[in-house]
Amino acid sequence: MSRTLRSLLFVPQLPLARAPRRPHLSPRRFTMSAPKAPTPKAPTPASVSSLRVSYSRAPALDEAMLPPAPFALFAAWFEQAKASGDPEPNAMCLATASPDARPSARMVLLKAFDDNGFVWYTNYGSRKAAQLADNPFAALTFWWPSLERSVRIEGKVDRVPTEESDAYFKSRPPASRLGAWASDQSKPVGERHVVEERWNGLVDDHLDEKGGLKKEVERPPQWGGFRLVPDRVEFWKGREARLHDRIVYELGENEDWTPSEELKGSSRWTKTRLQP
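Here the sequence shown stands for residues 1 to 276, where the numbers follow full-length UniProt numbering.
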């Protein structure tokens, strides 16, 4: 990366610290006792309408100084988001749509990315997986408020190879692996204790008192990864007076959807500034 581009992106010169990991559940048994939360008061329309933030962090995005393909820029911004102290810089909104064009959105966690696309993991029986089976196009949105930046990514989605899903599943904490077996995601359940008791039984069978494995937990066949192969990536930077910067990268209309190292090729991407 050139010195000019490094300055433009504010990429730190020192090694970047990893985002802190949240502590995982210990192998304790769930109970139903919990303090009753106070009933939140709905905000008045006036209080909502007055909420606003003034964006002021420099520098502006100069499309002439940006890389020819979006991946290097996303990687630089993501490293800065990790260094910003955000506990989950990999949190992203995943939007899918049903065959009759009804949209649905939820937050998921990015678990891998490279020049071939963006990967997350979920239950293949979930609503999002069902929608992707019928309509394999989706959109991702990242929002990093401390940096006043957002990235929107659109493209076609497919399942990752089983080997990738197996490798990632084995890297998960034991309790999280059991959670994938305990929950039939997106399916109705009468009461919470049904899922808790199922999880408690799995804990008794597979974990010791310190949370270590006493029996291997294999990946459930209904659980695995998806990869979105981008054909459109937009970078947004907040600016004063709402004159925000928007730079969009798009693949040519006749490009293939197959993940390939060629996706990073500059000849395949066009770069355009959009009005705010």
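Beta carbons: idealized from backbone N, C-alpha and C, even for Gly. Note that this is a predicted model, so its numbers are computed, not measured.
- Message: Count Cβ pairs between the segment 182-190 and the segment 227-238 that sit closer than 8 Å; are there 3 or more?
- Response: no
- Between the CA atoms of K271 and G252 - distance to the nearest angstrom: 11 Å
- Query: For V203, is the classification buried or exposed, using 16 other Cβ atoms within 10 angstroms of its Cβ as the cut-off for buried?
  - Reply: buried
- D245 beta carbon less than 7 Å from that of L61: yes
- Assign L178 to one of three DSSP states: helix, strand, or coil. helix
- Message: Using a Cβ-Cβ cutoff of less than 8 Å, which residues in the same chain neighbour V195 once the five nearest sequence positions on both sides are dropped?
- Response: A182, S183, V189
- Task: Use the C-beta contact count for M32: other C-beta atoms within 10 angstroms, 16 or more gives buried, fewer gives exposed.
- Result: Residue placement at M32 is flagged as unreliable, the pLDDT there being 49, under the threshold of 50; the coordinate-derived value follows with that caveat. Looking at its Cβ environment, which holds fewer than 16 other Cβ atoms inside 10 Å, M32 is exposed.
- With a cut-off of 8 Å, do at least 3 Cβ pairs link the segment 124-144 to the segment 209-218? no
- Task: With DSSP collapsed to three states, give me the class of Q13.
- Result: Model confidence at Q13 stands at a pLDDT of 33, short of 50, so the residue's coordinates are unreliable and nothing is read from them.
- Boundaries (first-last residue) of the beta strand (DSSP E) holding D245: 245-251
- Task: Use the C-beta contact count for L274: other C-beta atoms within 10 angstroms, 16 or more gives buried, fewer gives exposed.
- Result: exposed
- Query: Beta-carbon separation of A91 and L109 under 7 Å?
  - Reply: yes
- Query: From which residue to which residue does the alpha helix (DSSP H) around T162 run?
  - Reply: 162-171
- Item | Distance between S47 and residue 298 (C-alpha atoms, nearest Å) | This structure gives no information on residue 298, because the portion of the chain shown stretches from 1 to 276.
- Query: If L66 and I247 are in contact, beta carbons under 8 Å, what's the gap, nearest whole angstrom?
  - Reply: 6 Å
- Identify whether G201 lies in helix, strand or coil by the three-state DSSP scheme. helix
- Under 6 Å Cβ to Cβ from residue 288, same chain only, skipping five residues before and after it: list those, please. Since the first and last residues shown for the chain are 1 and 276, residue 288 lies out of range.
- So, Q222 versus Y124, is the Cβ gap smaller than 7 Å? yes
- Query: Closer than 7 Å, CB to CB, is N116 near chain C or not?
  - Reply: No chain C is part of this structure, which consists of one protein chain only.
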